[in-house]
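Trainee: In the order they appear, the protein sequences are chains P and L. Here our numbering is used: the first residue of the first sequence is 1, the next is one more, and so on. Here our numbering is used: the first residue of the second sequence is 271, the next is one more, and so on. Dumping the structure here so I can ask a few things about it.
Protein chains: 2
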Amino acid sequence: MLIGGAEDKLRGRQILKRFVKAAGGPEARVTVIATASEIGEEALRLYEGVFLELGAAYVTGLHPTERGQADRPESTAELSDATGVFLTGGNQLRLTSIVAGTRLHQALHLAHDRGAVIAGTSAGASALASHMMAFGQPGATPRHGNVQTTAGLGLVDGTIVDQHFEQRTRLGRLLSAIAQSPSLIGLGLDEDTCAIVHSNHAMEVIGRGAVTIVDGSQMETDAYRLRGRRPMMVSGAHLHSIPAGYWFDLRARALFHDEGSGAAEREASE
Amino acid sequence: MLIGGAEDKLRGRQILKRFVKAAGGPEARVTVIATASEIGEEALRLYEGVFLELGAAYVTGLHPTERGQADRPESTAELSDATGVFLTGGNQLRLTSIVAGTRLHQALHLAHDRGAVIAGTSAGASALASHMMAFGQPGATPRHGNVQTTAGLGLVDGTIVDQHFEQRTRLGRLLSAIAQSPSLIGLGLDEDTCAIVHSNHAMEVIGRGAVTIVDGSQMETDAYRLRGRRPMMVSGAHLHSIPAGYWFDLRARALFHDEGSGAAEREASE
């Protein structure tokens, strides 16, 4: 579950409710990882409170602040029976710098393979992709040098994920990233909006905004020969803006059409 | 010449220089129309000064503030030997409310048919399209009801033009407009950037930013059944971000590839 940040934590809490439900509802065993956040302990307490209120059986928190801590066998033990893992927002580079390549990273993959629901909001969402939007400048026009990407935690293959998408005008940097990596699919998540990537590569959208998808497979660009801050030529990007209630096939890179098959997907994956 | 607003008027003045050159350079006879602007007289003086500095032979200004003035035979006389007409920025709805359907509007078409260069900046650029982006809300995500379009002056057929595009985050409203009118092609002009639409539908880009093109011909949307301010589903929009130095074929809706043919277009149309 990739969440665009600023998800509702007080009222309907649709996205967080769905997370607890997917993690088993009254049987949910949730681990919150707050490494991305500068106010990690506070973030842990906040989410622990919300998930307990929403009916999870057991909620625990992890907040490694250096690689040594993330590499301790104890942190992996925390995840060994988790049915849901939630990565908070903050700074995605801090999260991957501390967690990537450690035992905790491995444990996250094992939990995912075992069927646990992995969710991330804001920085946590960007970090879940195979290729991570690390930082960049805002703006609608793609420009040379306006985006830096690194390796993400790799829970969602073949993607690059940006968040607070509409609120911070991030289309330009997502287009730049995809122009430079046309094999990837770019997902831009609005705030209080969640892309649920099911095991069959079906993506379901819930929440208040939309998920912008940039497909660069038919794209032409001069990205490879620019210098300085010049605008990038990008021609033929396929763009999709998918709000709640729609399903998108990330492998076929097209909207799901058959309502029947949509329902079947839903059944197959929940 | 469709200019995204805030074009350089002091230093290199690349776009305004190109306008004077296309209007005949030392033989240029330019008419500025400042109806869009709230400070019309000031805008007239500003552009008159710049165009004379850039070597135009003769510059005159028109500033009708009501339809009766725009319908006077004298205003059409002003345009009868103009080789260039320049529409200032301001409020495009004021411009079209006063000028559309009057003798001045007719005279503008006659000048265009005769081969005069017609340029508009900001509101003036939006007004030149067949379908006019009248007003709307900013944001990157298309939403129901976030855009109002009206009839433009119709100098550039089959288009809808938005300006200050990157600077004011206007992709969402352009996507909404195209989702509701998929036969049109959407042009989003960054500031200090100009789309030169040649008679053969070849579009050349000059200036500092880029021109974003939204082609909705392959698009699917639920625009027709939304209510309220809900995000719109848009799938399969073709997006192009075209900076200075590139040419785009508005009829084929594709980049010009052959450098040779690009040069030929250039020669044929200048």
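We treat Cβ as the ideally placed atom computed from N, Cα and C, and that holds for glycine.
Rank L:417, L:350, L:336, L:369 by C-alpha distance to the C-alpha of residue 404 of chain L and give the top, closest one.
Mentor: Numbered from its first residue, the second sequence carries residue 404 of chain L at position 134. Comparing Cα-Cα distances from residue 404 of chain L to each of L:417, L:350, L:336, L:369, the minimum goes to L:417.
Trainee: With a cut-off of 8 Å, do at least 3 Cβ pairs link the segment 85-95 of chain P to the segment 107-127 of chain P?
Mentor: Taking a cut-off of 8 Å for Cβ pairs, the segment 85-95 of chain P and the segment 107-127 of chain P touch, as three or more such pairs fall below it.
Trainee: By the criterion of Cβ-Cβ separation under 7 Å, what are the contact partners of residue 139 of chain P in chain L?
Mentor: In the first sequence, counting from the first residue as 1, residue 139 of chain P sits at position 139. Ordered by position in chain L, the residues that pass the 7 Å Cβ test against residue 139 of chain P are 436.
Trainee: Taking 8 Å as the cut-off, does the segment 58-70 of chain P touch the segment 138-157 of chain P (at least 3 CB pairs, one atom from each stretch)?
Mentor: Contact between the segment 138-157 of chain P and the segment 58-70 of chain P is absent, because fewer than three Cβ pairs lie under 8 Å.
Trainee: Going along the chain, which residues of the segment 505-532 of chain L sit with their C-beta nearer than 7 Å to a C-beta in chain P?
Mentor: Contact annotation: in the segment 505-532 of chain L, residues whose CB is within less than 7 Å of a CB in chain P are 505, 506, 507, 508, 509, 510, 511, 512, 513, 516, 525.
Trainee: Roughly how many angstroms lie between the CA atoms of residue 236 of chain P and residue 44 of chain P, to the nearest whole one?
Mentor: In the first sequence, counting from the first residue as 1, residue 236 of chain P sits at position 236. In the first sequence, counting from the first residue as 1, residue 44 of chain P sits at position 44. Those two C-alpha atoms are separated by around 43 Å.
Trainee: How big is the Cα-Cα spacing for residue 487 of chain L and residue 76 of chain P?
Mentor: Within the second sequence, numbered from 1, the residue matching residue 487 of chain L stands at position 217. Within the first sequence, numbered from 1, the residue matching residue 76 of chain P stands at position 76. For residue 487 of chain L and residue 76 of chain P, the distance between alpha carbons rounds to 51 Å.
Trainee: Taking 8 Å as the threshold, find out whether the segment 5-22 of chain P comes into contact with the segment 100-110 of chain P through three or more Cβ pairs.
Mentor: no
Trainee: Buried or exposed for residue 213 of chain P, going by 16 or more other Cβ atoms inside 10 Å?
Mentor: In the first sequence, residue 213 of chain P corresponds to position 213, counting from 1. When all chains shown are included, residue 213 of chain P counts as buried.
Trainee: From what residue to what residue does the beta strand (DSSP E) around residue 494 of chain L run?
Mentor: To locate residue 494 of chain L, count along the second sequence from 1; it is residue 224. Note, residue 494 of chain L: premise wrong, no beta strand (DSSP E); not H, not E.
Trainee: When the Cα of residue 12 of chain P is compared with those of P:192, P:226, P:251, which residue comes out closest?
Mentor: Taking the first residue of the first sequence as position 1, residue 12 of chain P is located at position 12. It is P:192 whose Cα lies nearest to the Cα of residue 12 of chain P.
Trainee: Can you find a CB in chain L that lies within less than 8 Å of the CB of residue 190 of chain P?
Mentor: Counted from its first residue, the first sequence places residue 190 of chain P at position 190. Residue 190 of chain P counts as touching chain L.
Trainee: Counting C-beta neighbours from all protein chains within 10 Å, is the total for residue 73 of chain P 16 or more, i.e. buried, or is it exposed?
Mentor: Position 73 of the first sequence, counted from the first residue, corresponds to residue 73 of chain P. Label assigned to residue 73 of chain P: exposed.
Trainee: What three-state label does DSSP hand residue 47 of chain P in the structure shown?
Mentor: By 1-based counting over the first sequence, the position of residue 47 of chain P is 47. It is helical.
Trainee: Which bits of chain P does residue 480 of chain L rub up against, with CB to CB less than 7 Å?
Mentor: To locate residue 480 of chain L, count along the second sequence from 1; it is residue 210. Correct list: 141, 231.
Trainee: Quick check on the burial criterion: 16 or more other C-beta atoms within 10 angstroms. Buried or exposed for residue 224 of chain P?
Mentor: For the purposes of this step, residue 224 of chain P is identified with residue 224 of the first sequence, where counting begins at 1. Looking at its Cβ environment, which holds fewer than 16 other Cβ atoms inside 10 Å, residue 224 of chain P is exposed.
Trainee: Indicate whether at least one CB of chain P lies closer than 8 Å to the CB of residue 490 of chain L.
Mentor: The residue given as residue 490 of chain L occupies position 220 in the second sequence. With 8 Å as the cut-off, residue 490 of chain L counts as an interface residue toward chain P.
Trainee: Distance, Cα to Cα, residue 501 of chain L vs residue 472 of chain L?
Mentor: Start at 1 with the first residue of the second sequence, and residue 501 of chain L comes out as number 231. Start at 1 with the first residue of the second sequence, and residue 472 of chain L comes out as number 202. So the alpha carbons of these two residues sit roughly 33 Å apart.
Trainee: Between L:503, L:299, L:303, which has its C-alpha nearest residue 351 of chain L's C-alpha?
Mentor: Counted from its first residue, the second sequence places residue 351 of chain L at position 81. The residue with the shortest Cα to Cα distance from residue 351 of chain L is L:299.
Trainee: For residue 175 of chain P, return the contacting residues in chain L, with the cut-off set at a CB-CB distance below 7 Å.
Mentor: As a position in the first sequence, residue 175 of chain P is number 175, starting the count at 1. Here the neighbours are 511.
Trainee: What would DSSP say about residue 113 of chain P, mapped onto helix, strand or coil?
Mentor: Walking along the first sequence from the start, residue 113 of chain P turns up at place 113. Helix, per DSSP.
Trainee: Given that a residue counts as buried once 16 or more other Cβ atoms are within 10 Å of its Cβ, and exposed if not, what is residue 66 of chain P?
Mentor: For the purposes of this step, residue 66 of chain P is taken as residue 66 along the first sequence, with counting starting at 1. That one is exposed.
Trainee: Can the beta-carbon of residue 387 of chain L be found closer than 8 Å to that of residue 422 of chain L?
Mentor: What you label residue 387 of chain L is simply residue 117 of the second sequence in a count that begins at 1. What you label residue 422 of chain L is simply residue 152 of the second sequence in a count that begins at 1. Note that the C-beta distance between residue 387 of chain L and residue 422 of chain L is not below 8 Å.
Trainee: Could one say the Cβ of residue 169 of chain P lies closer than 8 Å to chain L's Cβ atoms, at least one of them?
Mentor: Translated into positions along the first sequence, residue 169 of chain P becomes position 169. With 8 Å as the cut-off, residue 169 of chain P counts as an interface residue toward chain L.
Trainee: Do you know how far the Cα of residue 449 of chain L is from the Cα of residue 162 of chain P?
Mentor: Translated into positions along the first sequence, residue 162 of chain P becomes position 162. Translated into positions along the second sequence, residue 449 of chain L becomes position 179. About 24 Å.
Trainee: Helix, strand or coil: which one does DSSP assign to residue 452 of chain L?
Mentor: As a first step, residue 452 of chain L is located in the second sequence; it is residue number 182 there, counting from the start. The DSSP-derived three-state label of residue 452 of chain L is coil.
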